[in-house]
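Residue numbers (the working numbering): 1423 to 1622. Following: one structure in structure tokens, then a few remarks.
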């Protein structure tokens, strides 16, 4: 899964500067110190923590529908939650639905975590039916004829309380897909295609 690949990429390597390796070793030594703590403290630390979950919130700006769902838990995606999210992210013009790429959700989850936000994503466009996309492409040269929106692999969003430029910077730092920057229209485009970026 995309999120685990991105998290694992933060592990130190032999090519990193010496000070980074020293910091890594210092952290390891600190962890070893915990072994000397009293048994009661160790027993307390062994209490199972709450299972790791991934949650997202969306507001569809065209329909006014909101959703807040845990879409991943206990090591798997939750099909019922995904269906509900896909419904909110449907083509609002035709009502057509599509299974949104879960990698896209993982990108959004990581971005929100890095930005330290709990606000819902405002969605300008998610899934687009081929008919809707053809109509938009005829009206604007900025719409790709075979847009990734028609495959459930793209979303146009903004995040209240965070600057649009910050969304772009975080998305580009992940290098996990396409990043389009549209400050005049106040949204960032994200997709799960090859890493590339445009706009300004």
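Glycine included, every Cβ here is placed at the ideal spot set by N, Cα and C.
Per the coordinates, the alpha-carbon of residue 1515 lies some 11 Å from the alpha-carbon of residue 1552. Taking every protein chain shown into account, the CB of residue 1485 has fewer than 16 other CB atoms within 10 angstroms, so this residue is exposed. DSSP lists no beta-bridge partner residue for residue 1500. Residue 1589 sits in a helix when the DSSP states are folded into three classes.
In the three-state scheme derived from DSSP, where H, G and I count as helix and E and B as strand, residue 1577 is classed as strand. Residue 1505 and residue 1517 have their C-alpha atoms roughly 14 Å apart.
A straight-line Cα-Cα distance of about 11 Å links residue 1527 and residue 1548.
When beta bridges are read from the DSSP output, residue 1550 appears opposite no residue. Contact check between the region 1558-1568 and the region 1581-1589: fewer than three CB pairs, one atom from each, fall below 8 Å, which does not count as touching. Taking 8 Å as the cut-off, the Cβ atoms of residue 1530 and residue 1596 do not count as close. Just measuring C-alpha positions, the residue of 1503, 1620, 1605 and 1512 sitting nearest residue 1476 is 1503. For residue 1567, the secondary structure class from DSSP, reduced to helix, strand or coil, is coil. If you keep only unbroken alpha helix (DSSP H) runs of at least 4 residues inside the region 1503-1561, you get 1524-1537 and 1552-1561.
A residue is called buried when at least 16 other Cβ atoms come within 10 angstroms of its Cβ; residue 1615 does not meet this threshold and is exposed. Looking at the DSSP output, residue 1609 shares a beta bridge with 1604.
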